Structure formats: structure tokens, C-alpha cells
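Below you'll find the structure, written out as C-alpha cells, and then a few comments.
Residue numbers (our numbering): 2 to 168.
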């Protein structure tokens, strides 16, 4: 993240003294809010403080897919870098801009979501972090078996229509 910001620092310095960071959050949710807060906290640790040398434009689609196109266009045009929180926000931004750097988070499988070419070599202007772990399901099932010795049936909820749900 810091390297993306540094790459565009020269661009920001020529236009103004403040580096503009856009944040597109798909919906208000405790884990997504924590993602955003962690990002802002880490920026501060790196010396980027809102109101001093950065300006943060937070846009929340309120879970409405139709809001994302407008949000993505606005943030891509007005930001030096954009954080996309959750797959819908990331996909919308990736489809909107090929020049503004996009950092995604809270995306399970960025490859199947067509955000990056591969985890090792994302390509383009989009990169980020994934919450997918190849052994997460087996680890969870093993823990359930140890804790609930008499469990015979274990259910997992997921959304079939999202490629991110397939692990």
C-alpha cells in the first residue's frame, strides 16, 4: 500500500499539498468497517494523517449495486489512489479505471472475481489482500470435530452466485 502511495506522491505534490485517497465501501458491516479503520490507522503510522497531508473521501454504497458505478467514477477521477472494500466495490472500480491505483481488501478470491491476473503477479492497476486461506475450511471442521465430539452434521452457509464463495 505504501509503495502505491509513494508512486503517485509526485503527481499529488505537483497539483496540491494533499494526497487524495478515495475509499469505496460496499456496505456498513463490522468487519468491513474494521478493514477501513485498519487502513486509516496504518496510514497514520506511516505518517499520512487526514487533515494534514491526506484527504480521505469515504463513499458507502449502502449495499446497493447501482450506487457503485457513480461512486467508482467519482473516486477514480478525484483520487490519487482508491481503497475498495469488498468484492462489489473492487469490481466496479476495476471496471471503471485502468489508471488510478486500486487497492482491494475483504475480497476472498480476487482471481475468480477477475480483479487480478494472479495472486503472484496481479498486473494492471489493481492489487490488494485476500481473506482466503486454502486450509481455512478444513481447519474449521477439525476444530468443530474436537469441540463438538457428537456432531454428525456440519452446515456451511455461502452464496452460490458468487465465485468468491467457492473454496
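Just so it is clear, CB atoms sit at the ideal spot from N, CA and C, and this is done for glycine as well. Given the structure is predicted, the values throughout are model-derived calculations rather than measurements.
With distances taken from CA atoms, which of the options is nearest residue i?
i          : options           : result
residue 79 : 101, 96, 126      : 101
residue 52 : 129, 20, 150, 139 : 20
residue 94 : 63, 119, 121, 128 : 128
residue 42 : 62, 28, 119, 57   : 57
residue 82 : 88, 157, 59, 39   : 59
Is it true that the CB of residue j sits closer than 8 angstroms to the CB of residue i?
i           : j           : result
residue 97  : residue 77  : yes
residue 24  : residue 84  : yes
residue 44  : residue 55  : yes
residue 90  : residue 26  : yes
residue 36  : residue 107 : yes
residue 142 : residue 155 : yes
Return the CA-CA distance between residue i and residue j, expressed in angstroms with no decimal places.
i           : j           : result
residue 111 : residue 18  : 33 angstroms
residue 140 : residue 151 : 18 angstroms
residue 115 : residue 33  : 21 angstroms
residue 125 : residue 147 : 44 angstroms
residue 2   : residue 66  : Legend: pLDDT at residue 2 = 49, less than 50; position of this residue unreliable, value from coordinates given subsequently. Approximately 26 angstroms between the Cα atoms of the pair.
residue 47  : residue 38  : 14 angstroms
residue 123 : residue 86  : 17 angstroms
residue 22  : residue 121 : 25 angstroms
residue 119 : residue 99  : 17 angstroms
residue 4   : residue 117 : Since pLDDT at residue 4 reaches only 46, below the 50 mark, its modelled position is unreliable, and no value is offered.
residue 158 : residue 50  : 39 angstroms
residue 131 : residue 113 : 12 angstroms
residue 153 : residue 144 : 14 angstroms
residue 63  : residue 30  : 10 angstroms
By DSSP's criteria, residue i is part of a beta bridge. Which residues make up the other side?
i           : result
residue 20  : 55
residue 133 : Answer is none; residue 133 lacks a bridge partner.
residue 26  : 61, 86
residue 106 : 86
Runs of alpha helix (DSSP H) wholly within the stretch 58-90 (minimum 4 residues, chain order): Fully enclosed alpha helix (DSSP H) runs of 4 or longer: 66-79.
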